[in-house]
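Chemist:
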Amino acid sequence: MREEYYNTLMGGVIPTGLPGGFFIYEAGEKEQIIFAEPNIVKLFGCESYAEFIDYIGGTFKGMVHPDDLHKIENQIEAQTIYAEQRHDYVRYRIVTKKGDIRYVEDFGHLLHSTAGKSYYYVFIVDVDQNEYINSNRNSYAEAEALASNRETDELTGLFTMAFFYNKVQILLSQPDIRRQDVSFVHFDIPNFKLYNERHGFKMGDELLIDLGRTIKDIFLGATVARFSDDHFVVFTTQPKAEVVECVEEVYRTMLLNEDVNKKIKVKAGIYYMDDQRAEVGLACDHARLACNSIKSRHDVYYCIYDDIIRDSLRRQQFVVDNIDDAIANDYIKVFYQPIIRVKTGEICGYEALVRWVDPEDGMLPPGYFIETLEHFHLIHFVDEFVVKKVCQDYRRLYEEGEALVPFSVNISRLDFEVCDVYKMLSDYCEIYDVPSNMIDVEITESAFSDNTGLIMNSCKKLREAGHEIWIDDFGSGYSSLTTLADYEFDVLKLDMVFLRSIDKNPKTRTLMSYIIKTANEMGLSPLCEGVETEEHYQFLREVGCERAQGFFFGKPMPLEELLDTMYNKGMEWERGSV
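Counting from 2, one number per residue, gives the positions in the sequence shown under the numbering used here.
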């Protein structure tokens, strides 16, 4: 059969009927095709160059299957612009004019003209689907090209973290960058591991691809990378207001996904870089920390890194770095607040409350360090210290002949996960010869949402040993009356929010009356904290509240100071606890 050739009018010929061909397009945003030989035209099912240009819209973007476009554009950019070589090797799908899908390999080279323009000279080859998918069947040279492609994420086609750092550092070194706003955005899918468990890894991968494509499409012209798992990062020079708008658009797009299984609420952290000389890694960390700061919140979906977050992080670091020394050097103190029997006005107990008295910074409030210790699963060290100190103080009071009433200690739900709470209490009670009925255990109501049975079983053992179990902070969050029926405990401690609102909202009185009445009828001892006035105290008398606590009786103080204060006030202690 005679071979046919196309006369290029440039002193040569091109063979026809080949499963591939050569084309040229301009480098840049438009990627306009300026030449395509007949084999390319035929590959797309067109009869003429004009028909081909019309079909693809005259651009390289129009040649690539839309689902593959953002992936291979990142690969080409990574291999030709930011790598040492100026050539690329990529694979993608094309769609012919008849709608057939073909699989092609793309060998391109970026050339720069003396006139200052740049062009991609590209040769593509039509391959069968199996060869397209299985890289093991390729030539050695092609396999080497594939193996060296570490710039893009295999799943999403976005840049990898390492390449992102390299590219962004180069961009930040350009002179005109200082005249632009520079922002980093960190995206995260909350509870993505749980999503994979519910829907499977295949659906999870599809979700990641969709999110990556959504971010890329909305943040036009930005540099987008998948750092790991469900963590995506954006570098953009858009104005700050537009950055927020883009984040909102990503959130809405994912939430309104037509596939009900892919409707998710993404979280985002934004960091505006003021000093372009700063490290890229540090900027990414700031965006990530801003995102992490709202992971547990349901009312917001993005956060901007600012001085508040910066101070919070410094505080967290201080707490984590110094908690061991604080315990060892007795900077951690136990203060006590009296608990009063409402009917008699006598002291019927003490609540042990932790304080941190730093030699340089002075008194650190509980809110400064408790949350951080819980976040880093270090709270059990402090709680154990408090239990030990309470047992020591009980033994001292006993030996000095002071009146004895039960002490209540706060136990975090995390303590049950990292240590044996029952054994800890039993050991210290035995060491200091403290009757178990003199140590009550306060657990926040939210801890009883544990569905593993761990806390329920531990509380059962503690009650059987003689400790009273208190539900603390009842009413501070999403309280459930079913908790009163589902768990065995002894004291229901109403949060101070009730008494704080009693003067402003008359309905609070009615609500408290019903809760206290219900507790009494169920054999529970109601205790209300936050008593600050005589009116509060009299109201609790009227509604039958059994115990009370608050500044009206005494603030938290060191034990010696508390005893002196109570004696000076003429307070009396309840007898018969031991």
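We put the CB at the ideal spot given by N, CA and C, even for glycine.
Determine the burial state of Tyr515: buried for a count of at least 16 other Cβ atoms within 10 Å of its Cβ, exposed for fewer.
Modeler: Translated into the one-based positions of the sequence shown, residue 515 becomes position 514. By the neighbour-count rule (16 or more Cβ atoms within 10 Å), Tyr515 is not buried but exposed.
Chemist: Give the single residue among Ile456, His88 and Ala279 whose Cα lies nearest to the Cα of His110.
Modeler: Taking the sequence shown and counting its residues from 1, the one referred to as residue 110 is at position 109. With distances taken between Cα atoms, His110 lies closest to His88.
Chemist: Taking the straight line between their C-alpha atoms, what separation do you get for Glu145 and Tyr90?
Modeler: Along the sequence shown, one-based indexing puts residue 145 at 144. Along the sequence shown, one-based indexing puts residue 90 at 89. Reliability fails at Glu145, whose pLDDT of 46 lies under 50, so the model's placement of it is uncertain and the value that follows must be treated cautiously. So the alpha carbons of these two residues sit roughly 10 Å apart.
Chemist: Please state the DSSP three-state secondary structure of Glu48.
Modeler: Position 47 of the sequence shown holds residue 48. In the structure shown, Glu48 sits in coil (DSSP, three-state: anything other than H, G, I, E or B).
Chemist: Output the boundary residues of the alpha helix (DSSP H) element that contains Ser1.
Modeler: Because residue 1 is not part of the residues shown, which for the chain are 2 to 579, the question remains open.
Chemist: On a CA-only basis, which of Leu379, Phe417, Ile371 and Pro436 is nearest Val391? Give me that one, please.
Modeler: Reading the sequence shown from its first residue, position 390 is the one you call residue 391. Selected option, being the one with the closest Cα: Pro436.
Chemist: Among Val126, Pro559, Ile517 and Ile190, which residue has its Cα nearest to the Cα of Arg227?
Modeler: Within the sequence shown, residue 227 is the residue found at index 226, counting from 1. It is Ile190 whose Cα lies nearest to the Cα of Arg227.
Chemist: Within 10 angstroms of the Cβ of Met523, are there 16 or more other Cβ atoms? Answer buried if so, exposed if not.
Modeler: The count along the sequence shown starts at 1 and reaches residue 523 at position 522. Answer is exposed; the Cβ neighbour count stays below 16.
Chemist: Output the boundary residues of the alpha helix (DSSP H) element that contains Cys430.
Modeler: Here residue 430 refers to the residue found at position 429 of the sequence shown. Unbroken alpha helix (DSSP H) run through Cys430: Val422 to Ile432.
Chemist: When the distance is taken between beta carbons, is Phe185 closer than 9 Å to Met255?
Modeler: Within the sequence shown, numbered from 1, the residue matching residue 255 stands at position 254. Within the sequence shown, numbered from 1, the residue matching residue 185 stands at position 184. Taking 9 Å as the Cβ cut-off, Met255 and Phe185 do not qualify as a contacting pair.
Chemist: With Ser459 as the anchor, note down where its alpha helix (DSSP H) starts and where it stops.
Modeler: On the sequence shown, position 458 is the one that residue 459 refers to. Unbroken alpha helix (DSSP H) run through Ser459: Leu455 to Glu465.
Chemist: Looking at C-beta atoms only, is the number of pairs between the region 332-351 and the region 407-417 that lie closer than 8 Å three or more?
Modeler: At 8 Å Cβ cutoff, the stretches touch.
Chemist: Strictly by DSSP, which residues pair up with Asp189?
Modeler: For this step, residue 189 is matched to residue 188 along the sequence shown. Paired residue(s): Lys268.
Chemist: Is the CB-CB distance between Phe490 and Ile470 below 9 Å?
Modeler: Position 489 of the sequence shown, counted from the start, is the residue given in the question as residue 490. Position 469 of the sequence shown, counted from the start, is the residue given in the question as residue 470. Yes, the Cβ-Cβ distance between Phe490 and Ile470 is below 9 Å.
Chemist: Measuring straight from C-alpha to C-alpha, what distance separates Ala37 and Tyr26?
Modeler: Reading the sequence shown from its first residue, position 36 is the one you call residue 37. Reading the sequence shown from its first residue, position 25 is the one you call residue 26. If I take the Cα positions, the gap works out to 9 Å.
Chemist: Just mark Asn330 as buried or exposed, buried being the case when its beta carbon has 16 or more other beta carbons within 10 Å.
Modeler: Numbered from its first residue, the sequence shown carries residue 330 at position 329. Label assigned to Asn330: exposed.
Chemist: Grouping DSSP H, G and I as helix and E and B as strand, with all else coil, what is Gln170?
Modeler: For the purposes of this step, residue 170 is identified with residue 169 of the sequence shown, where counting begins at 1. Correct three-state label for Gln170: helix.
Chemist: I'd like to know if the region 416-423 and the region 381-397 are in contact, where contact means that at least 3 CB-CB pairs between them fall below 8 Å.
Modeler: Verdict: yes, contact present.
Chemist: What are the boundary residues of the beta strand (DSSP E) that Gln338 is part of?
Modeler: The residue labelled residue 338 in the question sits at position 337 within the sequence shown. Unbroken beta strand (DSSP E) run through Gln338: Ile333 to Arg342.
Chemist: Is it buried or exposed, Asp231, if we count other Cβ atoms within 10 angstroms and call 16 or more buried?
Modeler: By one-based count along the sequence shown, residue 231 stands at place 230. By the 10 Å Cβ count, Asp231 comes out buried.
Chemist: Mapping DSSP to helix, strand and coil, what is Gly213?
Modeler: Within the sequence shown, the letter at position 212 stands for residue 213. In this structure, Gly213 counts as helix in the three-state DSSP scheme.
Chemist: Between the C-alpha atoms of Asn137 and Asp206, what's the straight-line distance to the nearest angstrom?
Modeler: Taking the first residue of the sequence shown as position 1, residue 137 is located at position 136. Taking the first residue of the sequence shown as position 1, residue 206 is located at position 205. Residue placement at Asn137 cannot be trusted, given a pLDDT of 49 that sits under 50; the coordinates are not used to answer.
Chemist: What are the boundary residues of the beta strand (DSSP E) that Asn569 is part of?
Modeler: Along the sequence shown, one-based indexing puts residue 569 at 568. Premise fails: Asn569 lies in the alpha helix (DSSP H), Leu560 to Asn569, not in any beta strand (DSSP E).
Chemist: How many Å lie between Lys570 and Arg315 at the Cα?
Modeler: Residue 570 sits at position 569 when you count from the first residue of the sequence shown. Residue 315 sits at position 314 when you count from the first residue of the sequence shown. Lys570 and Arg315: Cα-Cα distance of roughly 42 Å.
Chemist: Can you find at least 3 beta carbon pairs, one from the region 343-350 and one from the region 541-550, that sit closer than 8 Å?
Modeler: Output reads yes: the region 541-550 touches the region 343-350.
Chemist: Would the region 116-131 and the region 199-217 be scored as touching if the rule is three or more Cβ pairs under 8 Å?
Modeler: Judged by Cβ distances under 8 Å, the region 116-131 makes no contact with the region 199-217, as fewer than three pairs qualify.
Chemist: Since Asp473 sits in a beta bridge, which residues does DSSP pair it with?
Modeler: Residue mapping note: residue 473 aligns to position 472 of the sequence shown, counting from 1. DSSP output for Asp473 lists Thr445 as bridge partner(s).
Chemist: Tell me which same chain residues have a C-beta within less than 8 Å of the C-beta of Asp326, skipping the five on either side of it?
Modeler: Locating residue 326 in the sequence shown gives position 325, counting from the first residue. Hits under 8 Å: Tyr332.
Chemist: Taking only beta-carbon atoms, is Met513 less than 9 Å away from chain D?
Modeler: Included in the structure is just one protein chain, with no chain D present.
Chemist: Going by other Cβ atoms of all chains shown within 10 Å of its Cβ, with 16 needed for buried, is Glu573 buried or exposed?
Modeler: Counting from one through the sequence shown, the residue named residue 573 turns up at place 572. The residue in question, Glu573, is exposed, as its Cβ has fewer than 16 Cβ neighbours within 10 Å.
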